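In what follows, a single structure is set out as structure tokens and then discussed.
In the working numbering, the protein residues as written are -18 to 231.
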């Protein structure tokens, strides 16, 4: 890697470290170029989705990512004992509906929603300290299921917020992959806490929405909850992977 590329990679990984996410503009619109960039960041983590993959909303897998429905803010792979730390997306193609112009279609999908999970925890702890403690202490089962060849759960149940009382180590939050609250836990109180947590994530002052464009996007799952948002009216091709977070060249 020449000096220019080394400097660029240093800036990219430093921005991820500081802000939790970064945008790479003017990327070639090919899976090959995207994969090359991601391998330069760090080793790509192989999962049941594969290593590097590109897909369309065709329900090839029974997963909300393979639909064109808008998804709420969440963290990926809550069902892994060691969830992924980074995720990258590159919107390779975004086709508007037949009755819309390119300009009109640009607002109909392909957006990404970014939420600072650490900031959300700080708000939750300040406004609802008792409920925050429930999210920190009550262990919840998580799972990936729905496909005949996939049934994944972590080594044990984990809380939504992992870490000691005054420090957030990790956030696990995906209501689509969440199991039932254990009966020995304060069930009603936990759901009330989850409702308040969800309200914080959905508040307009707590999220950033980016528009659809040809853009490679690397996201730190350690402190940012994100989701690719698409429209039921659009057709898109999305490339993605999970660069291995601990070995990333920070």
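C-beta: ideal position from N, C-alpha, C; glycine also. Just so you know, these numbers come straight off a predicted model, no measurement behind them.
- Contact under 8 angstroms by Cβ, residue 135 with residue 61: For the purposes of this step, residue 135 is taken as residue 154 along the chain shown, with counting starting at 1. For the purposes of this step, residue 61 is taken as residue 80 along the chain shown, with counting starting at 1. Going by C-beta atoms, residue 135 is nearer than 8 angstroms to residue 61.
- Message: In this structure, how does DSSP classify residue 142 when only helix, strand and coil are distinguished?
- Response: Here residue 142 refers to the residue found at position 161 of the chain shown. If DSSP states are grouped into helix, strand and coil, residue 142 belongs with the strands.
- Task: Measure the C-alpha to C-alpha separation of residue 3 and residue 67 and round it to an integer number of angstroms.
- Result: Within the chain shown, numbered from 1, the residue matching residue 3 stands at position 22. Within the chain shown, numbered from 1, the residue matching residue 67 stands at position 86. About 11 angstroms.
- Message: Quick check on DSSP: helix, strand or coil for residue 8?
- Response: Along the chain shown, one-based indexing puts residue 8 at 27. It is coil, neither helix nor strand.
- Message: If we require 3 or more residues per run, which beta strand (DSSP E) segments fall completely within the stretch 96 to 142?
- Response: 125 to 128 and 131 to 133
- Message: I'd like to know whether the C-beta atoms of residue 160 and residue 122 end up nearer to each other than 8 angstroms.
- Response: Taking the chain shown and counting its residues from 1, one reaches residue 160 at position 179. Taking the chain shown and counting its residues from 1, one reaches residue 122 at position 141. Taking 8 angstroms as the Cβ cut-off, residue 160 and residue 122 qualify as a contacting pair.
- Item | Residue range of the unbroken beta strand (DSSP E) whose run includes residue 189 | Here residue 189 refers to the residue found at position 208 when the chain shown is read from its first residue. Here the beta strand (DSSP E) through residue 189 covers 188 to 191.
- Message: Which residue marks the beginning of the alpha helix (DSSP H) containing residue 178, and which one marks its end?
- Response: In the chain shown, the residue the question calls residue 178 occupies position 197. Where residue 178 is concerned, the enclosing alpha helix (DSSP H) stretches over 168 to 183.
- In whole angstroms, what is the alpha-carbon distance linking residue 140 and residue 106? As a working mapping, residue 140 is identified with position 159 in the chain shown. As a working mapping, residue 106 is identified with position 125 in the chain shown. Near 15 angstroms, if we compare the C-alpha coordinates of residue 106 and residue 140.
- Item | Which listed residue (184, -9, 171 and -6) has its alpha carbon closest to that of residue 95 | Taking the chain shown and counting its residues from 1, one reaches residue 95 at position 114. Selected option, being the one with the closest Cα: 184.
- What residues match up with residue 28 in a beta bridge as DSSP calls it? Counting from 1 along the chain shown, the entry for residue 28 is found at position 47. Residue 28 is bridged to 31.
- Query: Buried or exposed: where does residue -1 fall if 16 or more other Cβ atoms within 10 Å of its Cβ makes it buried?
  - Reply: Your numbering for residue -1 matches position 18 in the chain shown. By the neighbour-count rule (16 or more Cβ atoms within 10 Å), residue -1 is not buried but exposed.
- Cβ atoms of residue 28 and residue 158: under 8 angstroms apart, would you say? Residue numbering aside, residue 158 sits at position 177 when the chain shown is read from its first letter. Residue numbering aside, residue 28 sits at position 47 when the chain shown is read from its first letter. Cβ atoms of residue 158 and residue 28: not closer than 8 angstroms.
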